[in-house]
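Some notes on the structure that comes next.
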Amino acid sequence: MANLLYAEYEEKVRPYIDLIDSLRKLGLNKDLPLPTIVVIGDQSSGKSSVLEMLSEVALPRGTGIVTRCPLELKMKNGTMASQWKGQLTYGDVSLTLNTPQDVEEEIKKAQKHLAGKTGISSELISLQVESPCAPNLTLIDLPGIIRVPIGNQPQDIGNMIKKLIHTYIGKEETIILVVIACNVDIATTEALKMAQEVDPNGDRTLGVLTKPDLIDRDTEKDILKIINNQMVPLRKGYMLIKCRGQHDLIANTSLANALEKEIAFFNDNVHFRPLLEKKIASFQHLSSRLTNELVLQIRKCLPAMQEKIGSKINEIVKQLDKMGGAIPEDPTTRVHNLTRRILGYCDEIITLAMGEYKKDYSIDMKLHDFARDKFAEWYKKLDGVKIGSKVETACNTLALQHFSSFPLLVSEIQIKIAEVCHKMERKAEEMLNINFKMEAMVYAPDEMYSYKLMEFQSRGQQKGNNSVASSNFDAQAMVIHLHTYYQIAIDRLVQMVPMVLRYYLLQELSAHMKVELAQLLFHSKDVDALIQENDETAEQRRELKNNLDRLTQARNLLMNY
Ligand code: GDP
Ligand code: MG
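Each residue of the sequence shown is one higher than the one before, counting from 1 in my numbering.
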């Protein structure tokens, strides 16, 4: 690279290329699509040839589907003195390659490993090369589009390939490089149609025309029409290049030599020569054009990427929160952390119990109905104590919600809940019993009794029962006295029973629960087991934490841009 160009590159281009590189190294491509250039084209249009001319690394080529997995080609411009370096990664394999000559064979092996002998696979093969002549670019080569399967290829291989291509070019971040051979009809080019489907205006599609040396005599004008956007217009336009042909391969023409021959070819052709000057022909210009396009694309995508990362971080933080925040690794800290959560849980219990109690307002209503019944039947009808078991169930459910990932802790908490609930139920029952016994003692202060008696008698008189037959007088008087007393007792019980229930099954219950549970972890013989999260949750949490770390690092990297 010329010095001046190089300085500009270092300042304007490198930071962005490096940024995306670092983000990809972090694995951010798992979270969101990163700006990339994807190469698509019909079979034998020259995709692999374009890539090898750009990278100066020979790739597998030939007839049939040669590219059977997406191939990511990461090119890095090394210093003049640096050695050629290659690294091939796929699945869990990572190989260091010493010479460019090893590449072809190793990619073939990788494809066979991932896609079998004839199939295709969506698993990515990644090839990183560093050499003094390589541009700083990352491109992805995809299998070519074919129409009919041959030999023992799967029947739907055409659709499989199209689907695979679609997952790459469908993303707004992707620049689509459509490779089209000059010697085929551009209107029937499947790859161009696919690109137009996802990018109708051609905002992110660049056409690359190959094989200009194979066109019929004097048909250059047709090619120029395409390049001048008169056939299938693309906003980014077209570029013309010439790769190694069959001749060159047989003659073993080196890639470096092929690049020289390309320039000579364009210079020798009066129709194409002006394209060189306009910088829309030759690999030299394609290479810098692609770098510029990529940087533009990166800059365009940065704000949206920042936003996406931000909202992903929020999402994960919320999810972790739901799982009880980040669980500390250290056991002592974990015990404290869990105890704090248990106390929080206890605070929710009182509200919860109150809710259960209110749902059962009928208890109060039933007490009012007792007025019509006999004193002895009151207690039998009083199922208010059942509120205890309702509160117990509600507490159990809540415990599961809070601590589901600690199965032993939950069962330990549930044992305590049962203990405390039963104890409080017994106390409430005892207290109610005492109250009923006291009522059996038949007690009422004199003033209250006379007041109620008068009230009862006046009600009788209003009904016209003022004259009482003398023979019935004693029995009648007895009935009046009994009713009067019942009325007083009912009033008292109607207030007392809910008070007792509230006191024991709401207030005392939650207070006792807090005391018992606060000490749970400190008094347990096997605290290690109690604070052990189940594997699934631990794994899920670990993964969320990894994602969070990755996204946070990515956000920090992006902050400087
Ligand atoms: P792919 O299937 O799209 O990857 O196509 P390849 O890169 O494998 O190329 C298919 C054939 O076209 C190979 O034999 C190449 O040598 C040949 N080819 C590609 N580009 C050119 C070119 O510009 N000129 C000539 N003459 N042949 C080319
Ligand atoms: Mg190919």
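Cβ atoms here follow ideal geometry from the backbone N, Cα and C, with glycine treated the same way.
Residue i beta carbon near the ligand GDP (any heavy atom closer than 7 angstroms)
i, result
"Lys242", "yes"
"Asp216", "no"
"Leu249", "yes"
"Ser287", "no"
"Lys581", "A question about residue 581 goes unanswered here, because the residues of the chain that appear run from 1 up to 561."
"Lys211", "yes"
"Arg61", "yes"
"Ser45", "yes"
"Ile179", "Reading off the sequence shown, one finds Val at residue 179, where the question assumed Ile. Yes, the beta carbon of Val179 sits closer than 7 angstroms to at least one heavy atom of the ligand GDP."
"Gly158", "no"
"Gly207", "no"
"Gln111", "no"
"Asp170", "Here residue 170 is Gly; the residue named in the question, Asp, does not match the sequence. Result no, Cβ not under 7 angstroms from the ligand GDP."
"Gln246", "yes"
"Gly41", "yes"
"Gly567", "Given that the chain is displayed from residue 1 to residue 561, the structure contains no residue 567 and the question cannot be resolved."
"Gly591", "Because the chain spans 1 through 561 in this model, residue 591 falls outside it and cannot be assessed."
"Gly144", "yes"
Identified DSSP bridge partners for residue i
i, result
"Ser94", "Thr89"
"Ile175", "Ile37"
"Ala281", "Leu240"
"Met75", "Val129 and Leu137"
"Ala440", "None, per the DSSP bridge assignment."
"Ile180", "Leu209"
"Ile223", "None, per the DSSP bridge assignment."
"Ile145", "Asp42"
N- and C-terminal bounds of the alpha helix (DSSP H) containing residue i
i, result
"Lys242", "It is not in any alpha helix (DSSP H) - Lys242 carries neither H nor E in the DSSP assignment."
"Val527", "Val527 to Leu530"
"Thr552", "Asp535 to Met559"
"Phe406", "Per DSSP, Phe406 belongs to no alpha helix (DSSP H) and is neither H nor E."
"Glu190", "Glu190 to Val198"
"Met53", "Lys47 to Ser55"
"Phe272", "No alpha helix (DSSP H) contains Phe272, which DSSP labels as neither H nor E."
"Leu23", "Arg14 to Leu26"
"Glu508", "First-last for Glu508: undefined, no H or E at that position."
"Met218", "In the sequence on display, residue 218 carries Asp and not Met. Run containing Asp218: none; DSSP gives neither H nor E here."
"Glu106", "Gln101 to Ala115"
"Leu521", "Leu520 to His523"
Boundaries (first-last residue) of the beta strand (DSSP E) holding residue i
i, result
"Gly41", "Thr36 to Gly41"
"Gln128", "Ile125 to Ser131"
"Leu158", "It is worth fixing the name first, because residue 158 is Gly in this sequence and not Leu. Segment Ile157 to Ile169 is the alpha helix (DSSP H) holding Gly158; no beta strand (DSSP E) there."
"Asp141", "Leu137 to Asp141"
"Leu206", "Thr205 to Thr210"
Integer Cβ distance of residue i from residue j, believed to fall under 8 angstroms
i, j, result
"Asn29", "Met75", "Rounded, the Cβ-Cβ distance is 17 angstroms, inconsistent with contact."
"Ile140", "Val38", "5 angstroms"
"Ile157", "Leu142", "The pair is not a contact, with the Cβ atoms about 13 angstroms apart (cut-off 8 angstroms)."
"Leu432", "Val494", "At roughly 13 angstroms, the Cβ-Cβ gap does not stay under 8 angstroms, so Leu432 and Val494 are not in contact."
"Ile226", "Ala195", "The pair is not a contact, with the Cβ atoms about 14 angstroms apart (cut-off 8 angstroms)."
"Ile125", "Cys69", "5 angstroms"
"Lys171", "Cys346", "Their Cβ separation, rounded to whole angstroms, is 50 angstroms, which puts Lys171 and Cys346 out of contact at 8 angstroms."
"Val208", "Met231", "About 15 angstroms; that fails the 8 angstroms criterion."
"Thr537", "Ser411", "At roughly 16 angstroms, the Cβ-Cβ gap does not stay under 8 angstroms, so Thr537 and Ser411 are not in contact."
"Leu97", "Val103", "6 angstroms"
"Ile349", "Asn337", "That belief does not hold up - the Cβ atoms of Ile349 and Asn337 are roughly 20 angstroms apart, past 8 angstroms."
"Gln155", "Gly86", "Wrong, their Cβ atoms sit about 36 angstroms apart, outside the cutoff."
"Glu56", "Cys133", "5 angstroms"
Short CB-CB distance (under 8 angstroms) between residue i and chain B
i, result
"Val103", "In the displayed structure, chain B is absent; only one protein chain is listed."
Practice problem: Report all residues for which the CB-ligand distance to some heavy atom of the ligand MG is below 5 angstroms; order them along the chain. | Solution: Lys47, Ser48, Val66 and Thr67
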